[in-house]
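First residue of the sequence shown? That's 150 in this note's numbering, and the numbers climb one at a time after it.
Down below is the structure, laid out as structure tokens.
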Amino acid sequence: DKSSPTHDTQAGRGVGASRSGAGGGGVRSVANSLSALSLSLIILGQGWERHCTRTLAFLPSWDDATTAPRSERGSKRMRLINAFSFLVTGTLLPIACGQRPPGCKVPFGPDNCDVADYCRIDLDQAAMEGELAKLTEDSFQKAREIYENGGHSMPLAELTLATPLTQVALKGANVTGYSEDGLYVAGRVHIDRDAGSASLQFEYTDPLLCQVGGLGEGDVRVSGCLAADGVVSLEFGDYQYAYNPLEGNKNGRTLATISQMSGPDSCVYGSCAELYTDYYGLEFFANEWINAAFEQRQTNFENGVVDFSQIGFDGRAKAISKGTVVLSTFVEINRLLTKSVESCRDLNMDDALHFLRAAKCMYTGSLVGHSEDYISGGELLF
């Protein structure tokens with residue numbers, strides 16, 4: 150019952166997947182359902198999150214929806230579509246209500262503040278597209294550095310400690326230090342470090358103040374980064390460190406890492422992109438598409454092969470910029486929604502809402518929601 154993702158080999162098109170068997174009436178029914186749901190929630194003025202958490206527990210896994218008897222598939226798939234409608238509603242409801250986030254520079258309400266780092270991936274997208282638009286070998290290389298190394302989402306400082314840790318430093322534990330100008334810099338441990346380790350990954354709490362990664366010289370911002378050498382404080386002691394701020398400040402979330410989140414271990418119930426991985430014959434199909442366009446070569450796919458060696462700068466620029474959004478962030482949204490469902494089934498509502506908000510943020514980005522019309526200026530699917 151599966152159909153392959155449809156492709157047009159011209160650059161900038163053919164980076165989507167479709168499922169057969171949906172007629173015009175079915176599409177109209179889905180559209181009407183989404184419109185009615187959004188409108189009803191707006192009229193009632195009720196919180197979208199409350200409705201979502203009540204509904205998530207009743208959603209099937211994607212495996213259920215694709216392997217159920219044919220007579221049951223329609224209703225199960227409709228329930229999955231309804232899950233995405235909550236994502237859309239969660240975006241549209243605050244627009245209709247005119248909400249603006251107080252003291253939090255992410256779109257559509259303060260509920261997004263705890264996942265603001267997800268939103269900022271659109272700043273990488275904007276910076277990469279700025280380089281691609283120059284249509285030169287040098288600009289494409291700079292665009293690829295942004296694609297691979299980021300600059301705006303989840304900034305990390307990789308520190309070398311003068312003395313090994315005396316205790317285990319657990320992921321999420323508070324760490325503090327100071328910038329070159331003596332400004333207080335707050336952060337947390339990015340990944341666990343065992344006692345005896347002489348290195349530490351410092352994840353910045355405020356990513357706006359330290360932006361390096363793969364950004365060009367004019368876009369780098371180090372005023373809020375840790376100083377080149379100094380002391381970081383953990384709950385069990387102070388530690389001298391040293392690093393190169395222009396080389397040691399990296400990013401844990403980039404367009405490239407998102408493009409590699411579609412493997413079989415990305416969701417408890419299997420791949421979040423099974424239709425794609427089965428069709429292309431590769432786990433990281435989005436990354437392959439984008440790298441092939443950067444390298445001006447043929448894709449290494451089983452199906453839907455595209456030869457970018459025959460396509461110039463302009464066509465490859467469009468293939469890259471569309472691929473990062475339509476392939477990469479689309480699959481990431483699906484992965485986050487699936488993890489929200491999984492958390493809800495485990496009765497972990499905090500994580501369920503966290504992943505749902507993160508999906509909404511990955512859908513909108515950070516640049517929309519601040520203009521007079523609330524919706525212009527975006528770089529992602531919204």
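Just so it is clear, CB atoms sit at the ideal spot from N, CA and C, and this is done for glycine as well.
None of these values were measured; they are calculated from a predicted model.
Which of helix, strand or coil DSSP assigns to residue i
{"i": "Phe-385", "result": "coil"}
{"i": "Lys-283", "result": "coil"}
{"i": "Leu-375", "result": "coil"}
{"i": "Pro-304", "result": "strand"}
{"i": "Ala-435", "result": "helix"}
{"i": "Phe-531", "result": "coil"}
{"i": "Leu-364", "result": "coil"}
{"i": "Asn-515", "result": "A small correction: the amino acid at residue 515 is Ser; Asn does not occupy that position in the sequence shown. It is coil, neither helix nor strand."}
{"i": "Arg-506", "result": "helix"}
{"i": "Ala-422", "result": "coil"}
{"i": "Asp-500", "result": "helix"}
{"i": "Asn-483", "result": "helix"}
{"i": "Arg-370", "result": "strand"}
{"i": "Asn-449", "result": "coil"}
{"i": "Asn-393", "result": "coil"}
{"i": "Val-264", "result": "helix"}
{"i": "Asp-456", "result": "strand"}
{"i": "Gln-350", "result": "strand"}
Local Cβ density within 10 Å of residue i, reported as buried at 16 or more and exposed below that
{"i": "Phe-385", "result": "exposed"}
{"i": "Thr-312", "result": "exposed"}
{"i": "Ile-340", "result": "exposed"}
{"i": "Gly-395", "result": "At residue 395 the sequence reads Leu, which differs from the Gly that was named. Label assigned to Leu-395: exposed."}
{"i": "Ser-489", "result": "buried"}
{"i": "Arg-551", "result": "This structure does not reach residue 551, given that the chain is present from 150 up to 531, and the question cannot be answered."}
{"i": "Glu-366", "result": "exposed"}
{"i": "Phe-235", "result": "Unreliable placement is indicated for Phe-235, whose pLDDT of 49 sits below 50; the coordinate value is still reported in the next sentence. Buried is the call here."}
{"i": "Lys-320", "result": "exposed"}
{"i": "Ala-344", "result": "exposed"}
{"i": "Ser-302", "result": "buried"}
{"i": "Gly-172", "result": "Because the pLDDT at Gly-172 is just 41, under 50, the model does not fix this residue reliably, and the value given afterwards should be weighed accordingly. With fewer than 16 other Cβ atoms within 10 Å, it is exposed."}
{"i": "Ser-382", "result": "exposed"}
{"i": "Glu-444", "result": "exposed"}
{"i": "Val-315", "result": "The sequence shown places Thr at residue 315, not Val. Classification of Thr-315: exposed, given that the 10 Å Cβ count is below 16."}
{"i": "Thr-285", "result": "exposed"}
{"i": "Leu-305", "result": "buried"}
{"i": "Leu-308", "result": "buried"}
{"i": "Ala-441", "result": "buried"}
Min CB distance residue i to chain D below 9 Å
{"i": "Phe-504", "result": "Among the protein chains of the structure shown there is no chain D, as only one such chain exists."}
Under 9 Å between C-beta atoms of residue i and residue j
{"i": "Ala-468", "j": "Ile-439", "result": "yes"}
{"i": "Asn-298", "j": "Asn-400", "result": "yes"}
{"i": "Gly-362", "j": "Asp-287", "result": "no"}
{"i": "Tyr-388", "j": "Val-380", "result": "yes"}
{"i": "Cys-510", "j": "Val-338", "result": "no"}
{"i": "Leu-530", "j": "Val-474", "result": "yes"}
{"i": "Arg-484", "j": "Ala-422", "result": "yes"}
{"i": "Gly-453", "j": "Tyr-428", "result": "yes"}
{"i": "Gly-527", "j": "Asp-271", "result": "yes"}
{"i": "Gly-430", "j": "Phe-457", "result": "no"}
{"i": "Gln-360", "j": "Gly-300", "result": "yes"}
{"i": "Ser-137", "j": "Leu-364", "result": "Absent from the structure is residue 137, since the part of the chain shown begins at 150 and ends at 531."}
{"i": "Val-112", "j": "Phe-351", "result": "Lying outside 150 to 531, the shown extent of the chain, residue 112 is not represented and no answer is given."}
{"i": "Leu-486", "j": "Leu-516", "result": "no"}
{"i": "Leu-404", "j": "Ser-477", "result": "yes"}
{"i": "Phe-433", "j": "Ser-470", "result": "no"}
{"i": "Met-410", "j": "Glu-481", "result": "yes"}
{"i": "Arg-269", "j": "Gly-514", "result": "yes"}
Contact belief for residue i with residue j at Cβ below 8 Å, rounded distance in angstroms
{"i": "Ala-347", "j": "Leu-310", "result": "5 Å"}
{"i": "Ala-507", "j": "Tyr-353", "result": "18 Å between Cβ atoms; not a contact."}
{"i": "Leu-332", "j": "Arg-342", "result": "Not confirmed; about 25 Å, so no contact."}
{"i": "Glu-280", "j": "Lys-291", "result": "5 Å"}
{"i": "Asp-355", "j": "Gly-373", "result": "7 Å"}
{"i": "Gly-368", "j": "Ala-276", "result": "Looking at the sequence itself, residue 368 is Asp, so the reference to Gly does not match. Indeed they touch by this definition, with Cβ atoms about 6 Å apart."}
At 4 residues or longer, and completely inside the region 288 to 344: list those alpha helix (DSSP H) runs for me, N to C.
-> none
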